[in-house]
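Report on one structure; see the data block that follows.
Residue numbers (my numbering): 1054 to 1686.
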């Protein structure tokens, strides 16, 4: 953690290190740590001691993986410890994506609350800073990436074997790997690259070796369990000011990676030749201090966007279902100038006045999540000196009680989209000035993860109930794609229709799904390539394997799932419907399955083109990033 402490301090954070005993009666540290925004426990044992000593869940972040690259084994007592860490910590921290997947798959409550802690390898951070003057040269940090990318390197070495003056390749490594370069069959292939030179892993050696060249950092795609290596190499290169030269798919779809040079295993030599005269790309993110800032910032109060008010505002959240309001709830709960309470209804349609009335008397601002009977009750009981805000999602407009809302008592009704706001005005006759639009939000920081290999051949539809989601359209486009390439897979995620009585007991709806499954039964090629993924909250983990996110619905107020997919770097395919052009860029709105299939297959012919669209999708999804959207509330 010494490396991280140094980087955090250089980023402007106030950091203190507090030894913690893990005995049966740990010291009470709640007062000593009361002013900390984040208390980072370096192990589950330390986290347990801190939670026992009185440190609040609001502050506590617990590291649950022992070390980078060390598999996170969850069994027996370890699983119990993990569940306790999730229950007592606001965030849990791991060192690689494999561990994050393990945590999210084991403890559902951990979904969207598992962070990957960045490192730049072991030891002190480099002080060397590269220059961009001179011919392009390749730098491979073998201490960090090891033999990753060997197949591409082998092909490159074969192609340039006959060259008289090959481009220099600098193999950066410590004494152990230097010895392996002489005796290990794998590492000897790196040493045999024409133009290869070994460079010691210290600032002076780097400055001498890289003087007069423009270095590019070789970044291969991670194999399973090795993504911490690639991440560490990326951050180390950035610390040194070395431009990245990344394999397609090696990086998550983040804006800071939009302009970096890319390579493919089959074209590495040509891609290297293309570096000559390339415009200097900006640094991707201020090294380790920048990475740590990006890890912490999305989950801290944003007083820069909304200044702290004097005193505390008493805010009451009302509803039975907060699945679309999680980001709002968390943001309000973290602010020092907000006193937050929740009136949790068992059902939005059943008032509970005995429980609600004392909370109503206390509140200054009331936010009703979903404008159902909860909104009716509060609008008829709120005082004139109180502020009532309703968050309307869509289905409420088709319910008769929407006309029972006392709109004169409501300060604002918030809609997720402009077109649905207009529909509501036509249905209800409400004054337009009492309505506004704030979109739904996504946690871009959680969803932006490196894609799995060949994700671009995997299409995903998250949620296919009820029949208005039109899973038959997904089959249409998928069937057209399979005719072109059998590598495609369609993933349908969520509960099955017979899990919903309101669907399965309705003959029309049930027949629609029976026809859908009969189509699969009659077409073996479809049946073999359609995967039904079970319902689960770990959307970030699921989207790692999805390259194209589908929105095939006939009607949607907003449709959050494909926006989450875009934030992950999946490219959206949206069937054109009322309001779809407002939510999604027009280039990804389609009218037919044929149009969708041609778009997918045309893009997938070139990994570089897919990377380009993936970055565009992720950049657009930032429009709906939680930090930006929550500030509007």
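From the three backbone atoms N, C-alpha and C, an ideal C-beta is built for every residue, glycine too. Just so it is clear, the structure is predicted and the values come from calculations on it, not from any experiment.
Residue 1299 places its beta carbon 8 Å or farther from that of residue 1369. According to the DSSP assignment, residue 1100 belongs to the alpha helix (DSSP H) that extends over 1097-1105. Contact between residue 1631 and residue 1472 holds: CB atoms are separated by about 6 Å, below the 8 Å threshold. Secondary-structure assignment with DSSP links residue 1585 through a beta bridge to 1545. In this structure, residue 1650 lies away from residue 1565, with their beta-carbon atoms at least 8 Å apart. Under the three-state reduction of DSSP output, residue 1504 falls in the coil class, being neither helix nor strand. Look at residue 1186 here: in three-state DSSP terms it is coil, with no helix or strand label. For the region 1227-1267, the continuous alpha helix (DSSP H) assignments of 4+ residues that do not extend past its boundaries occur at 1228-1236, 1238-1244 and 1256-1262, in sequence order.
With respect to the 8 Å criterion, residue 1083 and residue 1113 are not classified as neighbours on the basis of their beta carbons. For residue 1654, the enclosing alpha helix (DSSP H) begins and ends at 1646-1657. When the beta-carbon positions are compared, residue 1586 and residue 1546 come within less than 8 Å of each other. By the C-beta criterion, the region 1476-1489 is judged not to be in contact with the region 1569-1576, since fewer than 3 inter-stretch pairs fall below 8 Å. Between residue 1115 and residue 1138, the CB-CB gap stays under 8 Å. Assignment of alpha helix (DSSP H) within the region 1463-1495, counting only whole runs of 4 or more residues, yields 1471-1481 in chain order. Beta-bridge analysis with DSSP links residue 1511 to 1542.
Contact between residue 1342 and residue 1089 fails: their C-beta atoms lie close to 19 Å from each other, not under 8 Å. Put simply, of 1125, 1281, 1149 and 1212 the residue whose alpha carbon is nearest the alpha carbon of residue 1201 is 1281.
The three-state reading of DSSP puts residue 1390 in coil, since its state is none of H, G, I, E or B. As far as DSSP is concerned, residue 1609 takes part in no beta bridge.
Below 8 Å, enough C-beta pairs join the region 1320-1337 and the region 1178-1191 to call them touching: three or more. A distance below 6 Å between beta-carbons, with the five flanking residues on each side excluded, links residue 1170 to the following residues of its chain, in chain order: 1146 and 1148. Judged by DSSP secondary structure, residue 1282 falls within the alpha helix (DSSP H) whose first and last residues are 1280-1293. One alpha carbon belongs to residue 1446, the other to residue 1455, and they sit about 12 Å apart.
By the criterion of a C-beta distance shorter than 7 Å, residue 1519 is surrounded in its chain by 1556 and 1562, once the five residues flanking it on both sides are discounted. As a beta-bridge residue in DSSP terms, residue 1270 pairs with 1192 and 1297. Here the C-alpha atom of residue 1377 lies approximately 12 Å from the C-alpha atom of residue 1683. Counting along the chain, residue 1372 sits inside the beta strand (DSSP E) bounded by residues 1366-1372. In this structure, the alpha-carbon of residue 1364 lies about 15 Å from that of residue 1386. In this structure residue 1506 is not in contact with residue 1207, their Cβ atoms being roughly 19 Å apart against a cut-off of 8 Å. It is roughly 17 Å from the alpha-carbon of residue 1108 to the alpha-carbon of residue 1134.
Runs of the alpha helix (DSSP H) lying entirely within the region 1123-1157 and spanning at least 4 residues, in chain order: 1130-1141.
For the 8 Å CB-CB criterion, residue 1490 and residue 1620 do not form a contact.
Linking residue 1222 to residue 1611 through their CA atoms gives a straight-line distance of about 50 Å. A direct Cα-to-Cα measurement between residue 1580 and residue 1380 gives close to 38 Å. A Cβ-Cβ contact shorter than 8 Å links residue 1419 with residue 1435. The Cβ atoms of residue 1287 and residue 1272 sit closer than 8 Å to each other.
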